Structure formats: C-alpha cells, structure tokens
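Have a look at the structure below, then the notes.
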Amino acid sequence: MIIGIGVDTVDIGRFERQIERTPRLLARLFAEPERALPLHSLAARFAAKEALIKALGGDAGLSWQDLAIVRGEDRVPGFAPTAALVRVLGARGAGMPHVSMTHDGGMATAFVVLETGDAAVPGSSLEAEAEQDGA
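For the sequence shown, our numbering gives the first residue as 3, with consecutive numbering after it.
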C-alpha cells in the first residue's frame with residue numbers, strides 16, 4: 003500500500019547560482035560520493051531529497067547527509083540505507099523509497115513513492131548494512 007508520495011522540481015540554473023554563491027552547500031547537501039557528479043545530476047538528487055521529505059509528511063529529523071542517493075549494483079539510483087533513514091522509515095512502516103529522477107530543459111524533477119508491506123519493510127539486515135557502511 004502506498005503511504006507517501008512526494009515530487010519536487012529544481013531550476014538547474016538557479017541551483018547552479020546558489021552553489022556558486024555558497025560553495026559550502028555542496029558539503030552540506032550531498033554525501034561525498036554525490037559531490038563528484040555533474041550539476042544537473044546534483045539538482046536532480048536535491049529534488050529527490052526534497053520529494054522524500056514531502057513523502058514522509060515533512061521534516062522527519064533527517065539531515066541531508068542521511069538522504070544520500072547512490073547507484074545500486076543494477077546501476078539504478080536509490081536512497082542509501084543509512085541508519086537514520088532506515089530508522090525513520092521503519093517507524094512509519096515503510097520500506098526503502100522508490101525514486102525517479104530526470105532533468106531536461108533546464109529543470110530537474112524527482113518523484114518519490116513510499117509503500118508498506120511485508121517485502122518493503124526494512125529489517126535488521128538493512129540496519130546492519132547501514133551500520134557496517136558507517137552510515
């Protein structure tokens with residue numbers, strides 16, 4: 003069952019100007035592996051982080067670093083199972099979020115869906131992986 007949906011759009015040019023004016027935003031908003039990506043990819047990831055916050059119903063006490071987006075073995079981007087994110091999702095009965103990101107025409111957009119169900123609920127194995135990864 004779907005328990006949360008979020009969408010966000012970022013103007014890539016405006017995002018670029020904000021980063022140029024305040025370079026420390028990169029370190030604040032993105033985990034180390036994310037920072038090496040091109041600006042349009044960063045804008046899409048920022049939109050995804052905002053969309054997840056909306057899907058969760060607002061501020062869930064997560065930092066931007068807790069919302070890192072990485073590529074899985076299948077090369078599909080998704081949220082990293084950080085300990086804080088897994089804890090918040092587990093408290094809501096949600097599994098790892100589904101995320102779709104795109105950029106075109108100077109805009110980056112992301113869509114996030116949270117769902118519940120036996121297969122979607124993060125278990126102790128996710129928490130253990132997050133702790134092993136130092137998340």
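The beta carbon of each residue, even a glycine, is placed where N, CA and C say it ideally should be. Everything numeric in this text was worked out from a predicted model, so none of it was measured.
Rounded to the nearest angstrom, how far is the Cβ of residue i from that of residue j, given a contact under 8 Å?
{"i": "glycine 15", "j": "glycine 108", "result": "6 Å"}
{"i": "phenylalanine 32", "j": "leucine 44", "result": "6 Å"}
{"i": "glutamate 18", "j": "alanine 70", "result": "In fact, because the Cβ distance is near 21 Å, the residues do not count as touching under 8 Å."}
{"i": "glutamine 20", "j": "leucine 27", "result": "6 Å"}
{"i": "isoleucine 5", "j": "alanine 96", "result": "6 Å"}
Under the DSSP definition of a beta bridge, which residues are partnered with residue i?
{"i": "aspartate 13", "result": "Met109"}
{"i": "isoleucine 7", "result": "Val115"}
{"i": "serine 102", "result": "Phe113"}
Give every residue of the same chain whose Cβ lies closer than 8 Å to the Cβ of residue i, excluding the five residues on either side of it in the sequence, and list them in chain order.
{"i": "arginine 30", "result": "Trp66"}
{"i": "glutamate 131", "result": "Note that glutamate 131 scores a pLDDT of 40, beneath 50, so its modelled location is shaky; the value from the coordinates is reported in the next line. So the qualifying residues of the chain are Pro83."}
{"i": "alanine 46", "result": "Val12, Met103, Thr104, His105, Ala110, Thr111, Ala112"}
Can you tell me where the beta strand (DSSP E) with residue i in it begins and where it stops?
{"i": "glycine 80", "result": "79 to 81"}
{"i": "arginine 94", "result": "Element bounds for arginine 94: n/a, residue is neither H nor E."}
Need the endpoints of the alpha helix (DSSP H) that residue i sits in, please.
{"i": "arginine 47", "result": "41 to 57"}
{"i": "arginine 37", "result": "34 to 37"}
{"i": "arginine 30", "result": "27 to 31"}
Short of 6 Å in beta carbon distance, which residues of its chain neighbour residue i, apart from the five on each side in sequence? Order them along the chain.
{"i": "threonine 2", "result": "Outside the modelled stretch of the chain, which goes from 3 to 137, sits residue 2, for which no answer is possible."}
{"i": "valine 114", "result": "Gly8, Ala53, Leu54, Ala57, Pro99, Val101"}
Please go through the same chain and pick out, in chain order, the residues whose beta-carbon is closer than 7 Å to the beta-carbon of residue i, but skip the five residues on each side of it.
{"i": "aspartate 61", "result": "Ile55"}
Between the segment 70 to 81 and the segment 89 to 103, do three or more beta carbon pairs fall short of 8 Å? Verdict: yes, contact present.
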